[in-house]
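Asker: Below: one structure in structure tokens.
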Amino acid sequence: MSGKSYDILIGGGGLLGSATAFFLREEGFKGSIAVVERDPTYTRASSTLSVSAIRQQFSTPENIELSRFGLEFFLGLPKRFGPEADLGFQKSGYMIMASQEGRTQLEANHKVQTGMGAKIVLLEPDEIKQRFPAINTDGIAAACYGLEGEGWLDGALLLGTLKRAARAAGVDYIHGEVENISRINNSIESVTLADGDIISCGMLIDAAGPHAGKLAAMADIHLEVEPRKRTVFVIDCRADVDIPLIADPSRVWMRPEGRMFIAGYSPPEEDDPSVEDLDVVHSQFEEFVWPALAHRIPAFEAIKAVHAWAGHYDYHCLDQNAVIGPHNEVANFWFATGFSGHGLQHSVGTGRGIAERIVHGDYKTIDLSKFTYDRIPENRPLFEHNII
Ligand SMILES: Cc1cc2nc3c(=O)[nH]c(=O)nc-3n(C[C@H](O)[C@H](O)[C@H](O)COP(=O)(O)OP(=O)(O)OC[C@H]3O[C@@H](n4cnc5c(N)ncnc54)[C@H](O)[C@@H]3O)c2cc1C
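This is how it looks when you write it as structure tokens:
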């Protein structure tokens, strides 16, 4: 038993845990902070297995604001931390396509996005073809295409940069696995690590990503955030093909990556169980990915999958939206999780929001109160309709 004690303990040191620790110091939190991370190599973390893209195209206005702040922060890193913190942002719009069936939702999303000032155009099939002649528009009724503020970057470098900066600001990173949480009535008292160490805390923040539901359960708190596997295929194509990041109505997405392409498939809810393993689902390539790629981009007929990896989405079963802020009864148990596939781009906005609320008593820049845990016991889902 170590007898250590911290004002704030963060469970999970991926992007959400590290961004929260970093912004607590940025906002002037003077107390002690520790991040408990079971795997400092991040071999299985979402943050390092992500495809690290950023978009303005969401249906929840606050998600658009979070992306916007994320991009501004990411682009400003070299100025702050030097050229080694350049995340290599590749500017490229998302092309989110809809069949006739999905057109109404696409138009509704577009209205929200442009209402928030996002530069997104709604394209008819002939306009898609004009911009990207490689795309076959069969079965497409319309698409939204981002003209600015979208692209992808180096997520592992982002994590390393935030973690280094948090440490330099006096945040402790503890290598250990939280195995138990001591809750007395409506207060979290301490956590017990797998090696038997007990760490007491004034507040515990759940940033355990896909395992956030499990961490909450240790405190008898209900949270349906669970790991949902996503396989990413790396594709070699000899032809020179100019495409943006495409989200196809077939649930397949694709994008350029250096001289290669990457692509993946998001199964419908009923075929998407929670799984712990990270085995690549090779069958998805033949069954879903290749047919969709060959149909949408005829030049992809002769492609080869040369590599693949799998990661877990931190999937929030209620509404595919994040849970941010304190529990409704256990006031010193907080959440920074449940992003369902868009947590990388929202990590820093969330970290800043949580820090504002802890240090200043309320959200100051982006009002994140819609993401409250309260909506779970009250069964008030806040559906995000643009999940890829
Ligand atoms: C294939 C794929 C593609 C994605 N693409 C995008 C994208 O394009 N854009 C985007 O914004 N997002 C994307 N995401 C989602 C994004 O990566 C995640 O939302 C985000 O990284 C979640 O960060 P996190 O810190 O919550 O989780 P993680 O990075 O998983 O970190 C949680 C940490 O908690 C630790 N942990 C868990 N349980 C315990 C415990 N009991 N004790 C101690 N430590 C514990 C884990 O070891 C882990 O390191 C993608 C994810 C995947 C898998």
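Numbered according to my numbering, the sequence shown spans residues 683 to 1070. In this text, a Cβ means the ideal position worked out from N, Cα and C, and glycines have one as well. If you're wondering where the values come from, they're calculated on a predicted model, not measured in any experiment.
(1) Can you find at least 3 beta carbon pairs, one from the segment 911 to 930 and one from the segment 987 to 994, that sit closer than 8 Å?
(2) What's the C-alpha gap between L1064 and D1001?
(3) With a CB to CB cut of under 7 Å and the five nearest residues on each side skipped, what residues in its chain are close to T786?
(4) Going by the beta-carbon positions, is the gap between A701 and S1022 smaller than 7 Å?
(5) How is P1063 classed by DSSP in three states: helix, strand or coil?
(6) Go through its chain and collect everything with a Cβ distance to L1026's Cβ below 7 Å, but skip five positions before and after it.
(7) Rounded to the nearest angstrom, what separates R933 and P949 at their Cα positions?
(8) Within 6 Å: the Cβ of Q738 and any heavy atom of ligand 1?
(9) Have a look at the DSSP bridge pairing and note the partners of R910.
(10) Is DSSP giving S948 helix, strand or coil here?
(11) What whole-angstrom Cβ distance do M777 and A825 have, given they're in contact under 8 Å?
(12) Counting Cβ pairs closer than 8 Å, one from the segment 1011 to 1022 and one from the segment 883 to 903, do we hit at least three?
(13) Which residues in the same chain as G1035 place their Cβ atom closer than 7 Å to its Cβ, once the five residues preceding and following it in sequence are excluded?
(14) Starting from Q772, follow its DSSP beta bridges and name the residues at the other end.
(15) Looking only at C-alpha atoms, which of L759, F705 and V717 sits nearest to H1042?
(16) Compute every distance between the C-beta of F1021 and the non-hydrogen atoms of ligand 1, then say whether any falls below 6 Å.
(17) What residue from I887, F756, P760 and D808 has the CA that sits closest to I1040's CA?
Answerer: Walking through what the data contain:
(1) yes
(2) 6 Å
(3) So no residue of the chain qualifies.
(4) Against a cut-off of 7 Å, the Cβ pair of S1022 and A701 comes out as no contact.
(5) coil
(6) L697, S729, S732, S734 and G837
(7) 7 Å
(8) no
(9) S956 and Y995
(10) Residue state, collapsed to three classes: coil.
(11) With a contact defined as Cβ atoms closer than 8 Å, M777 and A825 qualify at about 5 Å.
(12) yes
(13) I1006, Y1045, I1048 and L1050
(14) W834
(15) Ranking L759, F705 and V717 by Cα distance to H1042 puts F705 first.
(16) yes
(17) With distances taken between Cα atoms, I1040 lies closest to I887.
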